[in-house]
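K.L.:
Residue numbers (my numbering), protein chains in the order written: chain P, 2 to 340; chain V, 2 to 340.
This is the structure, below, for whatever I ask next.
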């Protein structure tokens, strides 16, 4: 048992070379921090588990610096202010920020800022459909993919947190044919039966290229890529004229980029005068409110459903992360930190 | 000796699986055609040799149908009208069109149309700097690559017909750092000493990735890709924020796409929020005049130099094409058909 004055934090112990394992992180127990002037202390409640966390564990250039050895694993989260010397963060407030894998964190002052989560917003929804996951789906699809009514839209990682929202927004925007690619028959059934995708491909049991040819006879107008690798290549090979490929993630490569086969069908970008473009949701922070207004409307109208996969216990965070790479999750993975 | 009433044409005999060889084409001798009403007969003088011709020899989907077995090899060319039943094409006029590898062709009527080449325009310039080659450089760089003053621009196939023009336009438009990638020291010296490139990399003798890191310390803002494959991958790995990759050609793959390693650095499109986009010059035909006005000005001002590599004799056309893949040319390859 930890004393009530102690706080756990999960730090990077060694850089993984493949999938994370027991050597990757270690748990440290430290005193609960006290707020200095201008600071507040947050007790974590919910932790957002996202594939990109794995990329921050590599000592490689990225859009954020690598997590340093010995530093707390970086991630988004929601918690409650439990001590405060900052009027912007009153005790009892629910806040969102990049809080990391730990029981407590300090915000304000020299530390990072946090956002107040309004009363009445479900914290798991705030981390998923109304949070960066939903925003990633929204801006990636609409700003980069730009689907037009009647288009064929293909989404990989379709039963994941982002992919499942992408397909539903595509239908709302008038796509005639939305095809999801996922890794189990159950996920595929969920996409078609509950989320309104027109079809789904189980990439573990079906031949993706052949199935894409059957399901997208006029080619792919928008491909939303969460996985990279062979599935990206298959989709590049079947682009329609002036297609848009949205590079959102490359989960197939995060546990070892070097060993994967490369993408061969880039020549088709020329033949089809197609565009492939990457984006990061960090660049859209100042446009979140416009997207959230749409998302709230669509959720209330029943046009967007979402699923949260809750894993219990801070110390399960690494296992929760690994679920994303084994395909063990459907929808958004969130760790519920013990009270 | 052929009789004065006979005409040669080079047709596709077998589809090549790698580099073209003696089995790929055969020469047929046929009577010189006579113009029907509305037609004219053109005597070929100059044939444009372009990498894309090799792609038309494959029985694979492309932006134009494959050349059929037994059909004349497709290519652009310039010739003289020698017989005419069409007032738009008077005898003696110089014309440009997709005339193929042959001594004579028919235009007008049910055949394709041709463009009159104005008096005083050098025909080799009309096929290179003022023709589709120059237009490809112009629109690919400016419309897709969109260089900004101060940018770093990298061009592969830089001593080729298109690449050599791309680098010069980039300098005209204020690029601070233009780096060409080519295959011999002589080509590299030509780029830097005569065309005003800031630096050049000999990919056969230098380590492209390392040299790019040295020469482009702030990353690549615009990469104009004529080659695909490993050089494309190296450049993808060193993109700057919001970089643009112009997919113009993939000459490294035209003699056997399957056997090449794929591109692994597409993930960097995400990290750098970068865009990779293909284009075809066919889509810009109605904008050629605006580009030609600029190109004529720049050539007259001495801001753009170009080089033509003339190969003598229609029956050398296949060897001329192969030069593009062995790197035996500098600048635009043109076949001079015998008088």
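Glycine included, each C-beta is placed from N, C-alpha and C at the ideal position.
In this text, all values refer to a predicted model and were calculated from it rather than measured experimentally.
Tell me whether the beta-carbon of residue 1(P) lies closer than 7 Å to the beta-carbon of residue 80(P).
P.N.:
Residue 1(P) is absent from the structure shown; chain P starts at 2 and stops at 340.
K.L.:
Name the two residues that bound the continuous beta strand (DSSP E) containing residue 41(P).
P.N.:
40-50
K.L.:
Indicate the three-state DSSP secondary structure (helix, strand or coil) for residue 224(P) in the structure shown.
P.N.:
strand
K.L.:
Does the Cβ of residue 191(P) lie closer than 6 Å to at least one heavy atom of the ligand COA?
P.N.:
By its list of ligands, the structure shown contains no ligand whatsoever, and the ligand COA lies outside what it can speak to.
K.L.:
Quick one: what's got a C-beta closer than 6 Å to residue 321(P)'s C-beta in the same chain, skipping five residues either side?
P.N.:
50, 312, 334, 336
K.L.:
Going along the chain, which unbroken runs of the beta strand (DSSP E) with 3 or more residues stay wholly within the region 122-204 of chain P?
P.N.:
153-157, 178-183, 200-203
K.L.:
Would you list, in chain order, the members of the region 42-65 of chain P that have their beta-carbon closer than 9 Å to a beta-carbon of chain V?
P.N.:
56, 62, 63, 64
K.L.:
Could you give the distance in angstroms between the alpha-carbon of residue 196(V) and the alpha-carbon of residue 143(V)?
P.N.:
18 Å
K.L.:
Does the region 235-252 of chain V come close enough to the region 261-279 of chain P that 3 or more CB-CB pairs lie under 8 Å?
P.N.:
yes
K.L.:
Apply the 10 Å Cβ neighbour rule to residue 290(P) and answer buried if 16 or more other Cβ atoms are within range, or exposed otherwise.
P.N.:
exposed
K.L.:
At the level of alpha carbons, what is the spacing between residue 2(P) and residue 186(P)?
P.N.:
Legend: pLDDT at residue 2(P) = 47, less than 50; position of this residue unreliable, value from coordinates given subsequently. Taking the straight line from one Cα to the other gives about 42 Å.
K.L.:
Quick one, which of 294(P), 324(P), 339(P) has its alpha-carbon nearest residue 132(P)'s?
P.N.:
Considering only 294(P), 324(P), 339(P), the residue with the shortest C-alpha distance to residue 132(P) is 294(P).
K.L.:
Do the region 111-128 of chain V and the region 273-289 of chain V touch if we need at least three Cβ pairs shorter than 8 Å?
P.N.:
Taking 8 Å as the limit for Cβ pairs, the verdict is that the region 273-289 of chain V does not touch the region 111-128 of chain V.
K.L.:
Determine the direct distance from the alpha carbon of residue 106(V) to that of residue 30(V), and round the result to whole angstroms.
P.N.:
13 Å
K.L.:
Have a look at residue 56(P) and residue 298(V) and give me their C-alpha separation to the nearest angstrom.
P.N.:
CA-to-CA, the gap between residue 56(P) and residue 298(V) works out to about 50 Å.
K.L.:
Rounded to a whole number of angstroms, what is the C-alpha to C-alpha distance between residue 237(P) and residue 152(P)?
P.N.:
When the Cα atoms are used, residue 237(P) and residue 152(P) turn out to be separated by approximately 16 Å.
K.L.:
For residue 304(P), write down the residues that DSSP places opposite it in a beta bridge.
P.N.:
Residue 304(P) is not bridged to any residue.
K.L.:
Is residue 13(P) helix, strand or coil when you go by DSSP?
P.N.:
strand
K.L.:
Is the CB of residue 67(P) under 7 Å away from at least one CB in chain V?
P.N.:
no
K.L.:
Tell me which residues of the region 199-230 of chain V have at least one Cβ-Cβ distance to chain P shorter than 8 Å, keeping chain order.
P.N.:
229
K.L.:
For chain P, check one thing: does any of its Cβ atoms lie closer than 7 Å to the Cβ of residue 2(V)?
P.N.:
Any reading at residue 2(V) must be qualified, since the residue scores a pLDDT of 46, below 50, and its modelled position is unreliable; the value itself is stated next. Closer than 7 Å: no.
K.L.:
Please identify the residue among 307(P), 71(P), 246(P), 126(P) whose C-alpha is closest to the C-alpha of residue 278(V).
P.N.:
246(P)
K.L.:
In this structure, what does DSSP give as the bridge partners for residue 248(P)?
P.N.:
226(P), 279(P)
K.L.:
Quick check on residue 324(V) - is its C-beta less than 7 Å from some C-beta in chain P?
P.N.:
no
K.L.:
Is the region 81-98 of chain P in contact with the region 20-28 of chain P, if contact means three or more CB pairs nearer than 8 Å?
P.N.:
no
K.L.:
Beta-carbon within less than 8 Å of residue 310(P)'s beta-carbon, same chain only, minus the 5 sequence neighbours each way: which residues are those?
P.N.:
324, 330, 331, 332, 333, 334, 335
K.L.:
Would you verify that the beta carbon of residue 9(P) is, or is not, closer than 7 Å to some beta carbon of chain V?
P.N.:
no
K.L.:
For residue 244(P), which residues from the same chain have a beta carbon less than 8 Å from its beta carbon, with the 5 sequence-adjacent residues on both sides left out?
P.N.:
220, 221, 222, 223, 224, 273, 275, 276
K.L.:
Here's a check: name, in chain order, each residue in its chain whose Cβ is nearer than 6 Å to the Cβ of residue 178(P), leaving out the five neighbours to either side.
P.N.:
Residues 153, 199 of the same chain have their beta carbon placed closer than 6 Å to that of residue 178(P), with the five preceding and five following residues left out of the count.
K.L.:
Between the C-alpha atoms of residue 7(P) and residue 241(V), what's the straight-line distance to the nearest angstrom?
P.N.:
44 Å
K.L.:
At a Cβ threshold of 7 Å, is residue 281(P) touching chain V?
P.N.:
Output row for residue 281(P): interface = yes.
K.L.:
Could you tell me which chain P residues have their CB closer than 8 Å to the CB of residue 137(V), listed as they occur along the chain?
P.N.:
Under the 8 Å cutoff, chain P gives no residues; its nearest Cβ is about 11 Å from residue 137(V).
K.L.:
Tell me, which residues are paired with residue 105(V) by DSSP?
P.N.:
44(V)
K.L.:
Below 8 Å between beta carbons is the criterion; list the residues of the region 95-110 of chain P that meet it against any residue of chain V, in chain order.
P.N.:
Listed by position along the chain: nothing, the set is empty.
K.L.:
Quick check: what's the CA-CA separation for residue 232(P) versus residue 317(V)?
P.N.:
43 Å
K.L.:
Run through chain V and tell me which residues come within less than 9 Å of residue 251(P), C-beta to C-beta.
P.N.:
The contacting residues are 267, 268, 271.
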